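> Numbering (my numbering), first residue to last: 737 to 850.
Don't be surprised by glycine CBs; every beta carbon is placed ideally from N, CA and C.
Only a predicted model underlies this, so the values are computations on that prediction, with no experimental measurement involved.
Pasting a structure below so you can have a look.
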């Protein structure tokens, strides 16, 4: 093999390794949970497993973030008044899809964000 051929093979090998590394990275998954119209909820995690029939338990694993709007109705029939989000972070969590109940495990933190 000539020097240019070897250099080209090395370049292709490096490009292939770079592509593998890029595709091997797991992007967090996102999901909106329609637990309540007065309490919009979104979840994010490395892994999300959800049962087939609604309602089901949503299992979240790895870098879990559950974001729930802090919203109240000012009077019956009026629109929602919202003031930021309550954000729960944990290593794992289970969310009951119909009620919005959350059971979190592993380094659980709860914060309020605007």
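Among all the DSSP beta bridges, which residues are the ones paired with residue 821?
According to DSSP, which records beta bridges pairwise, residue 821 is partnered with 805 and 849.
> Kindly indicate which three-state DSSP category residue 758 falls into: helix, strand or coil?
Below a pLDDT of 50, predicted positions are generally treated as unreliable, and residue 758, at 38, falls in that range; no measurement from the model is reported.
> Starting from residue 811 and walking both ways along the beta strand (DSSP E), at which residues does that stretch end?
Taken as a continuous stretch (DSSP letters only), residue 811 belongs to no beta strand (DSSP E), as it is neither H nor E.
> Look at residue 801 and residue 823 and say whether their C-beta atoms are less than 8 angstroms apart.
The answer is yes: Cβ separation under 8 angstroms.
> Buried or exposed, going by whether 16 or more other CB atoms sit within 10 Å of the CB of residue 759?
Note that residue 759 scores 41 on pLDDT, short of 50, meaning its location in the model is unreliable; the coordinates nonetheless yield the value given after this. Per the 10 Å Cβ criterion, exposed.
> Please name the residue, chosen from 815, 806 and 843, that lies closest to residue 825 on a Cα-to-Cα basis.
Checking every option, the nearest Cα to that of residue 825 belongs to 843.
> Can you name, in chain order, every residue of its own chain whose Cβ lies under 7 angstroms from the Cβ of residue 805, other than the five neighbours on each side?
The residues are 775, 776, 818 and 821.
> Compute the Euclidean distance between the alpha carbons of residue 761 and residue 827, then round it to the nearest angstrom.
Because the pLDDT of residue 761 is 48, which lies under 50, any placement of that residue in the model is unreliable, and the number read from its coordinates should be weighed accordingly. Straight-line Cα distance between these residues: approximately 18 angstroms.
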